[in-house]
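Line order of the protein sequences matches chains P and B.
Residue numbers for the first sequence follow this note's numbering, beginning at 1 and rising by one.
Residue numbers for the second sequence follow this note's numbering, beginning at 1001 and rising by one.
Okay, so here's the structure we're looking at.
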Amino acid sequence: MTDAQALVFVVDDDASTRDALRLLMHSVHLPVQDYATADAFLAATRPDIPSCLILDVRMPGASGLELQQQLTAAGVDIPVIFLTGHADVRMSVRAMKAGAAEFLTKPVGDQELIDAVHQALSVSRQARSSRAAVADLQQRFASLTPREKEVLHHVISGRLNKQIAGDLGLSLVTVKLHRGHVMQKMEAGSVAELVKMVQRLEPSR
Amino acid sequence: MSSHHTDPNVAHVSAAADHAGGDSTERGLLERAFDRATLLASVEELVKLIAHDVNQPLGAALMTARACRRGLATGSLSPEQVRDGLDRLVADVERVSEILGQLRAATRQPSAVLAATDINAVIQCALADAAPDAARLGVTPVTNLASGLLPVSADPQRLQRVVRTLIGQALDAMASTAENDRSLTLRSTLTTPSEVTVAVEDGGPGVSATEAPRVFEPFTATRRGRIGLELAVCRAIVEDHDGRIWAVASERGAVFCFTLPTADAR
């Protein structure tokens, strides 16, 4: 009954809090991996599935905010839910600016936390599928020959086949052939679709 | 400004010096505000400390209890998981109790040194200590102490703190009273063969019937309590000595009384 397609990480130096969080997540069928320190979490091998991180802000050693920075620096894209014992406005602003999913004050309501976790997991799922789609597009793009890439750029700038032939010093037939390959390899049904695909690729290039 | 406020004795000396200068009342108010701020700051620190230590296990216990409730309602937790959760919950609540116990032990006043104490001597000591404050307000304390009182079994230091606090708050209450109406009377009487009563009466605005029972509650900001903690401490000390403390309005102002059992009665 447990949701095998999701995982909740917990980093908190207090064993009671870790146990309580684990039990609460189990009560809504979510599996948990917990760590007493930020370093232990960073050192652990983490399965590549939708996940989120529940993090205590003030911990001995690397603090929650430091761990958040380290994760960002390492390119680990995981929604972080901060728990804090004190309503510290400055700290919560810093955490939210650095991309925290939520900032909750202890004692946190169970429903509030569960909602935050579900929300964070759904963000994680979306980010994963979006990353996967972009990776797929990148693969398709990489399969184009240099000439096909050239033709593609002319096509998406709105040039007609005749113009492209003139620009590149190719025959109209050859341009049509290259263009056909581009549409096929990119799995694009129309020029409009092709433009969208390239737009999606651009930010990641 | 700050250095000479740290030692209360020095503060009294400077207050007495100010008295000669003329702006004594204003200066006294400043000092009081300062005392209040310092006391509030240390109370805040203490409360923060307690909250920090207690919130962790309390929060964990609360979350565990809610998880168990949810698990039982939806059947998502096995009986073993619920049982483990309850074990954890018990341990967490015990931890809270232990922390509070340690705190209580750490903040307990040096264990009461009970001795056969002459209550009139205690009153005289407290009055001597308060003399500069009284002088500043132009108040000459009147004493009406019963002779031949039986000694009470008490910690004289702590009792003196009670009397000194009652005098202090009586003087505070008269800060805005016309100088001619200001008065301070201390009485001791043997009210029953086994009980001594001490009364501190002032000529201030008095206490209302609704205010009177509340003045000894901690953190009650009434006209009388400076921060609402001193009178709570008084009550704790008096009750530690098996006595009672109360406040009532009198013809002149307010009278604060407390009783103590005599040494024989205890």
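All C-beta atoms, glycine included, are put in the ideal place defined by N, C-alpha and C.
On the DSSP letters alone, give me the boundaries of the beta strand (DSSP E) that A74/P sits inside. That residue, A74/P, is in no beta strand (DSSP E); it is neither H nor E in DSSP.
With contact counted as at least three CB pairs below 8 Å, one residue from each stretch, are the stretch 1153-1168 of chain B and the stretch 1240-1259 of chain B in contact? yes
DSSP three-state label for I107/P, please. Here residue 107/P is Pro; the residue named in the question, Ile, does not match the sequence. In this structure, P107/P counts as coil in the three-state DSSP scheme.
How big is the Cα-Cα spacing for E1211/B and K106/P? 36 Å
N-terminal and C-terminal residue of the alpha helix (DSSP H) that T1165/B is part of: P1156 to A1173
Against chain P: residues of the stretch 1084-1099 of chain B by CB proximity under 9 Å: D1084, G1085, R1088, L1089, A1091, D1092 and R1095
In whole angstroms, what separates the C-alpha of G99/P from that of R1070/B? 31 Å
Evaluate contact between the stretch 37-46 of chain P and the stretch 90-104 of chain P, counting only Cβ atoms and requiring at least three cross-stretch pairs below 8 Å. no
Which residues in the same chain have their Cβ closer than 6 Å to the Cβ of A1060/B, if we skip the five residues on either side of it in sequence? D1092
Is the beta carbon of L137/P sitting closer than 8 Å to the one on M197/P? yes
Listing by chain order, which chain B residues have their CB less than 7 Å from the CB of K196/P? Here the premise fails: no neighbours, minimum Cβ distance about 43 Å.
Between the stretch 30-39 of chain P and the stretch 1077-1089 of chain B, do at least 3 Cβ pairs fall closer than 8 Å? no
In whole angstroms, what is the alpha-carbon distance linking L1171/B and D1155/B? 25 Å
Please name the residue in L1150/B, E1230/B, V1215/B and P1141/B whose C-alpha comes closest to that of T1117/B. L1150/B
At 8 Å on the CB atoms, spell out the chain P contacts of G1204/B, in chain order. Near G1204/B there are no residues of chain P at all, since even the closest Cβ is about 40 Å away, more than 8 Å.
With H, G and I counted as helix, E and B as strand and the rest as coil, what does DSSP make of I1245/B? strand
Select from L1184/B, C1234/B, T1259/B and I1167/B the residue whose C-alpha is nearest the C-alpha of P1193/B. T1259/B
Considering Cα atoms alone, identify which of R140/P, D39/P and Q5/P is closest to C52/P. Q5/P
In three-state DSSP terms, what is R1187/B? strand
Closest residue to V80/P among H153/P, G64/P and A74/P (Cα-Cα distance): G64/P
For G1101/B, would you say it is in contact with chain P, using Cβ-to-Cβ distances shorter than 8 Å as the test? no
Compare the Cα-Cα distances from L1184/B to each of C1234/B, V1152/B and S1250/B and report the closest residue. S1250/B
Hey, is T37/P's beta-carbon within less than 8 Å of any beta-carbon in chain B? no
What are the boundary residues of the alpha helix (DSSP H) that includes F1216/B? Note, F1216/B: premise wrong, no alpha helix (DSSP H); not H, not E.
Considering just the uninterrupted stretch of the beta strand (DSSP E) at V220/P, what are its terminal residues? What is shown of chain P runs 1 to 205, which leaves residue 220/P out entirely.
Would you check if the distance between the CB atom of L194/P and the CB atom of F141/P is smaller than 8 Å? no
Proximity below 8 Å, CB of V1152/B to CB of A1263/B: yes
Taking the alpha-carbon of P1213/B as reference, which of A1232/B, I1167/B and A1135/B has the nearest alpha-carbon? A1232/B
Which residues DSSP lists as bridging Q1124/B, in chain order: Looking at the DSSP assignment, Q1124/B forms no beta bridge with any residue, so it has no partner.
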